[in-house]
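**Student:** Below: one structure in structure tokens.
Residue numbers (the working numbering): 42 to 122.
What follows is the structure, given as structure tokens:
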């Protein structure tokens with residue numbers, strides 16, 4: 042085996058070792074974008090808004106904040122805005 046092949050195999054082996062080490066590294070489990078969704082209390086607070094325009098805007102903002110997962114044709118996509 043020539044030196045070029047040894048170098049290539051060494052790089053591959055080191056890369057695989059790094060990938061394996063990263064998989065074993067403990068990480069915190071975060072819900073990510075789903076943790077910032079509106080709560081029931083946010084919807085209850087809508088009762089305190091008496092201006093119809095502001096109420097509509099606040100309700101729309103809360104509805105857009107709900108994380109949705111749609112399954113269409115066997116494909117799963119998560120829409121989070």
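Where a beta carbon is used, it is the ideal one built from N, C-alpha and C, also for glycine.
Expressed to the nearest angstrom, what Euclidean distance is found between the alpha-carbon atoms of residue 63 and residue 54?
**Tutor:** By 1-based counting over the chain shown, the position of residue 63 is 22. By 1-based counting over the chain shown, the position of residue 54 is 13. When rounded, the distance between both Cα atoms is 14 Å.
**Student:** Distance, Cα to Cα, residue 81 vs residue 49?
**Tutor:** Residue mapping note: residue 81 aligns to position 40 of the chain shown, counting from 1. Residue mapping note: residue 49 aligns to position 8 of the chain shown, counting from 1. Distance between the alpha carbons of residue 81 and residue 49 is about 57 Å.
**Student:** Could you round the C-beta distance between residue 103 and residue 84 to whole angstroms and report it? I think they count as a contact, below 8 Å.
**Tutor:** Here residue 103 corresponds to residue number 62 of the chain shown, with the count starting at 1. Here residue 84 corresponds to residue number 43 of the chain shown, with the count starting at 1. With a Cβ gap of about 6 Å, residue 103 and residue 84 count as contacting.
**Student:** Assuming residue 57 is part of the alpha helix (DSSP H), what are its boundary residues?
**Tutor:** Numbered from 1 along the chain shown, position 16 holds the residue referred to as residue 57. Residue 57 -> alpha helix (DSSP H) spans 44-65.
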